[in-house]
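Student: Heads up, the sequence shown is in our numbering, so the first residue is 30 and it goes up one at a time.
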Amino acid sequence: MLTRTVSNFLNWVKTAAGLSIMTTILVAVLASIHTGPYLIVNTIVTGGMLALVATGLTLMLGVLNIAMFAHGEFFMIGSLTAYYVFTPISNYISENPESFVAVIGPLIAIVCATIVGALSGIVAEKLVFGPLRKRSTDNWVMNSFLLTVGLSVLLINLHQLIFGAEFKGIVGYWSGMPVSIADVFISRDRAMAFVISAVIVALFWFFMTYTRTGMSIRAVSQDITGAQIVGIDIEKIVLLTVSLSCALAAVAGGSLLFMYPSYPTVGLEPLYLAWFVVILSGLGNILGAVAGAFMVALLKAITVEY
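1) State the Cα-Cα distance for the pair GLY201 and LEU327, rounded to the nearest angstrom.
2) Please tell me whether VAL228 and ALA142 are closer than 8 Å, where the distance is taken between their beta carbons.
3) Can you name the start and end residues of the alpha helix (DSSP H) that ILE258 belongs to?
4) Can the beta-carbon of ILE95 be found less than 8 Å from the beta-carbon of THR177?
5) Where does ASP218 land, buried or exposed, given buried means 16+ other C-beta within 10 angstroms?
6) Since GLY146 contacts GLY107 with CB under 8 Å, what's their CB separation in whole angstroms?
7) At which residues does the alpha helix (DSSP H) containing GLY179 begin and terminate?
8) Within 10 angstroms of the Cβ of ASN71, are there 16 or more other Cβ atoms? Answer buried if so, exposed if not.
9) Which residues in the same chain as SER291 place their Cβ atom closer than 6 Å to its Cβ, once the five residues preceding and following it in sequence are excluded?
10) Closer than 8 Å, CB to CB, is PHE98 near chain B or not?
11) Am I right that LEU277 and THR84 are in contact with their C-beta atoms under 8 Å? What's the rounded C-beta distance?
12) With DSSP collapsed to three states, give me the class of ILE62.
13) Any chance the segment 295-310 sits against the segment 236-251, with 3 or more Cβ pairs inside 8 Å?
14) From the DSSP output, read off the bridge partner residues of SER226.
15) From this set, SER128, ILE144 and ILE69, which residue's C-alpha is nearest PHE104's C-alpha?
16) Using C-beta distances below 7 Å, list every residue in its chain close to ALA194, excluding the 5 sequence neighbours before and after it, in chain order.
17) Going by alpha carbons, who is nearest to VAL82 out of CYS275, ARG164 and ASN120?
18) From the DSSP output, in three-state form, read off ILE215 for me.
19) What does the Cβ neighbour count give for PHE235, buried or exposed, with the cut at 16 atoms within 10 Å?
20) Can you name the start and end residues of the alpha helix (DSSP H) that LEU93 belongs to?
21) Nearest to VAL92 by CA position, among GLN189, VAL74 and ALA256, is which residue?
22) Report the CB separation of LEU88 from THR270 in whole angstroms; it is logged as a contact under 8 Å.
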């Protein structure tokens, strides 16, 4: 039994994701000896957020062949939605700090951000991506690139026109004493942000790996003609893919509102970092995207520290 366990562990280490994760952990531990354990905390929180954004980005690029340069704006939509949903809830919580709303209020805001992100993705597919895809069979990659850049500019300017350019943020979602792990104190907001991202990435991986719909999405990404032959509804899969991708970006923006207040260009930094992750991990590799996200987050934390 022990031999089999060791063998399985070594096989896992041989994978790119395993090597990336182990390298990240080693570098983080060595760096934290000099800078303190909070470098690891920042890496974990930022890595969880990047994993969500990068997973959605690689989904769009792998299934639809769309270089989604408007992905950061769905992060912005999530943060903006969470702000406007949580602001009245926070007023109630300040008057009733012991109420049950203080626990579920932040989750309500994050769920609303996710739903609005998914609906925004559906609207983008119906009004923007779908019509162009039907008319433009040639040069689709370049046309979709130009389209997403234009969509990004449009959403940024709509935010500034309707909601203004000022920062819209919160001090925190959850009040109370920080969480203590091995004498390291982590704010409840940072701890919950990591838990939310970890749960969503795990559920998404399970969905893509073991459900019929997830397998259909993977089939379309590998061979759209073959997927049509076996009876997969391509339009349905495309719509679901866009909505899931945008929802992942929105939930990241909503859950990190305390770190990234909403303003017109708040999604640019997550977008650039997510592209770095996608280039590092490759297309369609969810576990690789997660590992790459934590590697990029560690590099970012070390760069800020030094």
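The beta-carbon is built from N, C-alpha and C at its ideal position, and this holds for glycine as well.
Just so it is clear, the structure is predicted and the values come from calculations on it, not from any experiment.
Tutor: On the basis of the supplied data:
1) 23 Å
2) no
3) 253-258
4) It is a contact, given that the beta carbons lie within the stated cut-off.
5) buried
6) Right, the Cβ-Cβ distance comes to about 5 Å (below 8 Å), so this counts as a contact.
7) 169-192
8) Label assigned to ASN71: buried.
9) SER108, LEU109, TYR112 and LYS197
10) Of the chains in the structure shown, none is chain B; there is only one protein chain.
11) 6 Å
12) Reliability of the predicted coordinates at ILE62 is poor, the pLDDT of 48 falling under 50, and no value is obtained from them.
13) no
14) BP columns for SER226 are empty, so no partner.
15) ILE144
16) TYR292 and PRO293
17) Put simply, of CYS275, ARG164 and ASN120 the residue whose alpha carbon is nearest the alpha carbon of VAL82 is CYS275.
18) strand
19) PHE235 is exposed by the Cβ-count criterion.
20) For LEU93, there is no enclosing alpha helix (DSSP H), since its DSSP letter is neither H nor E.
21) ALA256
22) 6 Å
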